[in-house]
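Just below is one structure, and these are the notes that go with it.
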Amino acid sequence: MFLILLKFSTNKARAPEFMANHVDWLKQGFDDGVFDLAGSLQPQLGGGILARSASRAEVEARVAADPFVVEDVVTAEVLELTPSRASADFTFLLPEAAV
């Protein structure tokens, strides 16, 4: 599982120019079954994505193709998380061995 942090860079003001392409990129990630959750980092710091069902290399390649990353609107950080505990509502996120 991966936590992707997309933090605004000094080019944040250019975000509206690339928003439609960024939204298309997000939609493709959901359509491909890689992204599970996406949202804004508060207060107006950028965005975050929870991704599964892909290797680290695949996630990093996908993130590198984000128009916001390409145009330096955000800087990306990919963090790998191996879940070991979850509330009852989120046990589906646990690997088989942890259930």
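Numbering (UniProt numbering), first residue to last: 1 to 99. All C-beta atoms, glycine included, are put in the ideal place defined by N, C-alpha and C. Since the model is a prediction, treat every value here as computed from it, not as a measurement.
Check, Outcome
"Residue interval of the beta strand (DSSP E) (run including Leu-26)", "That residue, Leu-26, is in no beta strand (DSSP E); its alpha helix (DSSP H) goes 15–31."
"The beta strand (DSSP E) enclosing Glu-60, as first and last residue numbers", "Counting along the chain, Glu-60 falls outside any beta strand (DSSP E), though it belongs to the alpha helix (DSSP H) covering 56–64."
"Identity of the residue in Asp-24, Gly-48, Glu-80 and Gly-29 nearest Leu-6 by Cα", "Gly-48"
"Residue(s) in a DSSP beta bridge with Lys-12", "None; Lys-12 has no bridge partner."
"Beta-carbon proximity check, Val-78 vs Glu-60, cutoff 8 Å", "yes"
"Inter-residue Cα distance where the pair is Arg-62 and Ala-88", "31 Å"
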